[in-house]
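For the sequence shown, position 14 (counting from the first letter as 1) is numbered 13 according to numbering that gives the first Met the number 0, and the numbering increases by one without interruption. Even glycine gets a Cβ: it sits at the ideal position worked out from N, Cα and C.
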Amino acid sequence: MKNRIVVLLAGACLSLLSGLAGAADEGLSRQIQTLKEGVLDLNRDLTILEKELLYPSSETAFFVSVDVGSPIRLVDVNLTLDGRHVGYHFYSEQEFAALTKGGIHRVYQGNVTSGRHTLEATITGYDPQGRDYQKTANHTFTKGPGRKMIELRVVDDLDSGQHRFEFREWNQ
């Protein structure tokens, strides 16, 4: 990749020099200044292109949040991405209290390739009646070239007296 950039810059310099050979003396300094600015702009564009090609943003983050004042008690969260374990967190009383006051917790942050992926979240906790429960939710998403954020929300379902999982995605 660097060899290509060097070849492109060398070609640009040769074309600049050939343009200088035929220039008249009075406008020569002005043309040289214009050509220098052109070379600097080309170099900047090539550097940006090289950075984008060599280091694309593949960052992805998974978050957990709980409805404010939720009667459930979240104990832990286990995340699997495409069958591979990527994150686990055990919630202390203080951490869970922060979640029920509107907090959000980042369980995983890492690089994920572009394309289609399946996220599986297993949550263990206590329901509003104090019984143990373990529920698993799956979410399929498509990762593009930019950053991807996915939030797993534990939402109270007032009709059933239980809760449900909702996924929210956003890109940067």
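- Paired residues, beta bridge with tyrosine 90 - DSSP: Beta-bridge annotation (DSSP): tyrosine 90 is not paired with any residue.
- Query: DSSP three-state call for lysine 134: helix, strand or coil?
  - Reply: Strand, per DSSP.
- Message: Can you check which of these residues, Ile47, Val76, Thr46, is closest to glutamate 150 by C-alpha distance?
- Response: Taking each of Ile47, Val76, Thr46 in turn and checking the Cα distance to glutamate 150, the smallest one comes out for Val76.
- Does the beta-carbon of leucine 80 have 16 or more other beta-carbons within 10 angstroms, so that it is buried, or is it exposed? Buried is the call here.
- Determine the DSSP secondary structure at valine 38, reduced to helix, strand or coil. Helix.
- Between Leu45, Glu58, Gln133, which lies nearest to arginine 146 when the distance is taken from Cα to Cα? With distances taken between Cα atoms, arginine 146 lies closest to Glu58.
- Closest residue to arginine 83 among Glu94, Gly37, Tyr107, Glu92 (Cα-Cα distance): The shortest C-alpha separation from arginine 83 is found at Tyr107.
- Task: Measuring alpha carbon to alpha carbon, tell me which of Ile122, Asp156, Asp131 ends up nearest tyrosine 87.
- Result: Looking from the CA of tyrosine 87, the closest CA among Ile122, Asp156, Asp131 belongs to Ile122.
- Query: When the distance is taken between beta carbons, is phenylalanine 164 closer than 7 Å to alanine 136?
  - Reply: In this structure, alanine 136 lies near phenylalanine 164, with their beta-carbon atoms less than 7 Å apart.
- Tell me where the beta strand (DSSP E) around glycine 109 begins and ends. Element bounds for glycine 109: 103 to 110.
- Going straight from the alpha carbon of arginine 130 to that of proline 70, what length do you get? Inter-residue distance for arginine 130 and proline 70 is about 12 Å (C-alpha atoms, whole angstroms).
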